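Since the structure comes first, as structure tokens, the remarks are kept for the end.
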Amino acid sequence: MQLKKLSLKARLVISVTLLLFVGIAISDVATYSALKSFLITKLDQQLNVSVAPASRSLTRAMLGQNVSQSEFAFVPLGSYGELVTTNGSSFVAAFVQKPSQAGSPPALPPINSKNNSIELNRPFNVSSTANSALQYRVIAEKNTTTGAITILAIPLTGVAATLGRLVIIEFLVSLFVLILLAALGTYIVGLGLRPLDKMAETANEISEGNLSARVETTSNQASEVARLANALNYMLSQLVTALERRGQSESKLRRFVADASHELRTPLTSIRGYAELVRQRSGLLDESETKRAMERIESESIRMGSLVEDLLLLARLDQNRPVEKLPVDLTELVNDLIQDLITVEPCRKIESHVEDDLWIIGDKNRMIQVISNLFSNLRFHTPECSPAMIYLGHLDPEQLAQFNGLELVRADDDEFKIPDIGKFEIVRFALTDFGNGIEKPSLKNVFERFYRTESSRSRGSGGTGLGLSLVASIVKAHNGSAWVASEGISKGTTFGFDLLIDVTETEGSFDI
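First residue of the sequence shown? That's 407 in my numbering, and the numbers climb one at a time after it.
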């Protein structure tokens, strides 16, 4: 079975268990090796101590003398000894109290006093002659006086028994510890992966359409799971926001297409109607009727052309195409347009507060279009001779959110801020009328395309419904924000915009 086909929990548990098994096995092997080395060392010490009394006992036995047990008391029972004399004769005996204590003798290599095949005074292992499982620890020592060589072999049965018991104990203890740690590891891994299971459940809820579901976060914000949960929640919030914006954009697009179709259909219908009238009643219309029909065709054509041009301009601005950036004397531009407004409506009282020598970097024609649209909005939606107030000047950053105590509603809910007070300045233009005013719930919609308030639903009020949308888009392209403020019906309205001016960009740009 491949691990990658298993769950993450199963793979972690198996991996941890394998690591524990390897660790326990290494510990067991190390313990076994250390104990074996210790026992062999102790046995070698016993060999070195026992070889001398064994040599004396073998010499007495070889000479036919009686040997008492006290003479080989230091030699373990079951040991074998061999005495090789200088003339080549040898004598082998078992150190036992009774014959049943003697095991199969060791398979000792051939040796003599002149030519031996084993290294003296260095212990080594040999098997027995009849049973390879029975091992002996052997040492050979040469008597410096007589020249005889004594070989002593002590059985390793005690060492083997001790190591065997150790293996059984290690196996049982290791098995118990491995099972216990594996169970504990399974619980701990499950506890650690529980947040991931909850994340999976939350993801399933979201996939089923519950976009309000969120992943629970832990108090330990430094943990990987907490960071993952926070990242997922942030991603979900961004996703929900994006979906809401997409829904709003689609809704606005549908409304825009419907309104644009309606606005274009109206002049086309008028043009078709007057054209059919002239064609069907050719020769029956007098000169004045024919002239009126042609004038209506011309005016509706101009209106439709203006609408198409506005739509094309909005489309270009929506594509974030850069505007022309040249020095513009905003003071002169505003004063000229004020004079044009007074010329068209001489009875309208205009109170202006225009700061002198105020320059910006931008597109002069587009800025003329912005202010002209605001002036046209003033003319179409207020009585002919009602007063108006115009302001143009630098703005204190602390006054960004208001104008004359009125809270501003910005186009597209823009958050207009100064990134660096030392590097940027704000220029504000404001046009205040004393007309019908706008209900506060409608303020956030006035910059939408083809939007008309209830008081201006009639097309007779002039315009296409795109003027304020153009104002907002052009101002935004100039690194600014359009806004509106009104206290309500019959309390007048203030339209304006704020431009963010890069001081380093404008310094030295106007020495012309």
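Where is the CB? At the ideal position from N, CA and C, for every residue including glycine.
Quick caveat, the model's predicted, so the values are computed rather than measured.
Below 8 Å CB to CB, which residues in the same chain sit around residue i once its five sequence neighbours on both sides are set aside?
i    : result
R816 : F822, S887, A888, W889
L739 : K770, M773, I774, I777
T551 : none
T535 : S510, P511, P512, A513
L441 : T568, L569, L572
L649 : L617
N549 : S461, I555, T556
Using the Cβ count rule (16 or more neighbours within 10 Å means buried), how would you classify residue i?
i    : result
L905 : buried
N779 : buried
R543 : buried
S787 : A small fix is needed here, since residue 787 is His in this sequence, not Ser. Answer is buried; the Cβ neighbour count reaches 16.
E704 : exposed
R834 : buried
S694 : exposed
V490 : buried
V881 : buried
L424 : exposed
D716 : buried
S657 : exposed
S485 : buried
E525 : exposed
S463 : buried
R855 : buried
P601 : buried
L645 : exposed
G866 : Residue confidence is low: G866 scores 47 on pLDDT, short of 50, so the model does not pin down where it sits. No coordinate-derived value is stated.
Report yes if the CB atom of residue i is closer than 8 Å to the CB atom of residue j, and no otherwise.
i    : j    : result
A794 : D839 : yes
A699 : L683 : yes
I744 : I796 : yes
V502 : E488 : no
V457 : I545 : yes
A436 : T556 : no
I767 : P728 : no
G509 : L540 : yes
I677 : S707 : yes
M710 : L747 : no
E761 : L798 : yes
T492 : A567 : no
Y438 : V532 : no
L587 : L426 : yes
V562 : L453 : The question names Val, but residue 562 is Leu in the sequence shown. No, the pair does not count as a contact, with Cβ atoms beyond the cut-off.
G894 : K850 : no
S719 : L876 : Looking at the sequence provided, one finds Leu at residue 719 rather than Ser. In this structure, L876 lies closer than 8 Å to L719 by Cβ.
V455 : G591 : no
Going by DSSP, what residue range makes up the beta strand (DSSP E) through residue i?
i    : result
N531 : 530 to 533
P561 : 555 to 561
T900 : 899 to 908
I796 : 794 to 800
A499 : 496 to 501
P847 : Taken as a continuous stretch (DSSP letters only), P847 belongs to no beta strand (DSSP E), being part of the alpha helix (DSSP H) at 846 to 849.
K548 : 541 to 548
I756 : 756 to 760
Near residue i, what residues of its chain come up, given a Cβ to Cβ distance below 7 Å and the 5 sequence neighbours on each side ignored?
i    : result
G679 : none
T899 : D839, G841, G843, I844, V890, S892
K415 : V595, G596, L599
C753 : E790, C791
D735 : W765
G902 : F809, R834, F835, A836, L837, W889
L963 : The question about residue 963 has no answer here: the residues shown for the chain are numbered 407 through 918.
R863 : Confidence in R863 is poor, its pLDDT being 42 and thus under 50, which makes the residue's placement unreliable; the coordinate value appears in the next sentence. None.
D908 : K829, F830
K897 : G843
S413 : none
A807 : E813, L814
D763 : T737
For residue i, I'd like the list of residues in its chain whose CB is within less than 6 Å of its CB, leaving aside the five on either flank, ordered along the chain.
i    : result
V852 : L874, V890
L801 : I832, R834
I420 : none
F530 : V544
A635 : V621, T623
N885 : L906
Would the C-beta of residue i count as close to the ligand ATP, meaning under 7 Å from any of its heavy atoms?
i    : result
E488 : Summarising the ligand content, the structure contains no ligands, and the ligand ATP is consequently not present.
Quick one: give me the first and last residue of the alpha helix (DSSP H) that residue i is part of.
i    : result
V455 : 414 to 468
T749 : 736 to 750
L780 : 770 to 787
S879 : 873 to 883
Between the segment 606 to 621 and the segment 576 to 584, do three or more beta carbon pairs fall short of 8 Å?
no
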